[in-house]
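In this note's numbering, the protein residues as written are 32 to 322.
Please read the structure below before turning to the comments.
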């Protein structure tokens, strides 16, 4: 793991270089490699995971494919590619064979407005405000920790941003957040929510850690794992189930697509806009949110 770490180096400048560029990725890889090491021990292999071969890696992934979903399986594969004895380009993608309820992958994670309101009533006032902002701007829970006015923290310049972003949202204030891969993107928050947000601005920013990642927080609102846990508990209490606070991003994507297409945008153009607003830059990823 230490040999593969490249913390502090922007990921967009070294795509697919086999290095680990974030603390979050390092944590996921460590968990994946620990599982692989235990499997090798169960197979009677005592030489250690650093001696795992490409063939052994394939066998482990085929074993995992019967028990885990595709996302976890893909993460395991990426982690194994950092091992010195594994040929990165020879480790082909394997498809999950795990038994899951029919149609589960196609089920929407989006919350309806009525469902969101019920959950908000179960949250504290600050948590409800944070959740409303996350939905209105299409934020990940941890991105709330890096929220700042756009005038104080500009968006990344290595991307070509569409001028049609936030079309029809003139009554919104512009902020920025630190997203995946170090991408800083603009987000739009309704003016009424922005005013409530500013009422919670910290006089002095504070350093916080969420899931092993360090942030400089500028607003006294719950975010990250704290907000995610609160939302899930409130959702189960009020609805009897939870799609996680990430379901609010699904709601954002679906509602924003409807809004843009209602304004005359084609599906393809609307998808490009929403993809950038969410920090994806890939329509196929955004389409997962449209189920």
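Ideal Cβ positions, reconstructed from N, Cα and C, are used throughout, including at glycine.
Residue 218 in three-state terms, based on DSSP: strand
Residues near residue 139 by beta carbon distance below 7 Å, same chain, minus five either side: 281 and 322
Cβ-Cβ distance between residue 230 and residue 204 below 8 Å: no
Rounded straight-line distance, which links the Cα of residue 295 to that of residue 308: Looking at the two C-alpha atoms, the distance is approximately 18 Å.
Assigned exposure category for residue 243 - 16 Cβ within 10 Å defines buried: exposed
Buried/exposed call for residue 317, threshold 16 Cβ in 10 Å: By the 16-neighbour rule on beta-carbons within 10 angstroms, residue 317 is buried.
Exposure label - residue 171; buried when at least 16 CB within 10 Å: buried
Beta-bridge pairing of residue 248 - partner residues as DSSP gives them: 237
Limits of the unbroken beta strand (DSSP E) element including residue 189: No beta strand (DSSP E) holds residue 189; DSSP gives it neither H nor E.
Option nearest residue 151 by Cα separation, candidates 311, 319, 267 and 288: 267
Neighbourhood of residue 288 by C-beta, 6 Å cutoff - its chain only, sequence neighbours within 5 removed: 301 and 305
Of the residues 303, 76 and 80, the one placed nearest residue 194, counting alpha carbons only: 303
Nonlocal neighbours in the same chain, by C-beta distance under 7 Å from residue 261, ignoring five residues either side: Excluding positions up to five away in sequence, the list reads 154, 158 and 253.
Selected residue, minimal CA-CA separation from residue 124, among 116, 149 and 91: Ranking 116, 149 and 91 by Cα distance to residue 124 puts 91 first.
Identified DSSP bridge partners for residue 209: 215
Residue 163 classed as buried or exposed, judged by whether at least 16 other C-beta atoms fall within 10 angstroms: buried
Straight-line Cα distance separating residue 319 from residue 134: Low confidence applies to residue 134: its pLDDT is 43, below 50, so where it sits in the model is not reliable, and the reading given next is rough at best. Rounded to the nearest angstrom, the two C-alpha atoms are 14 Å apart.
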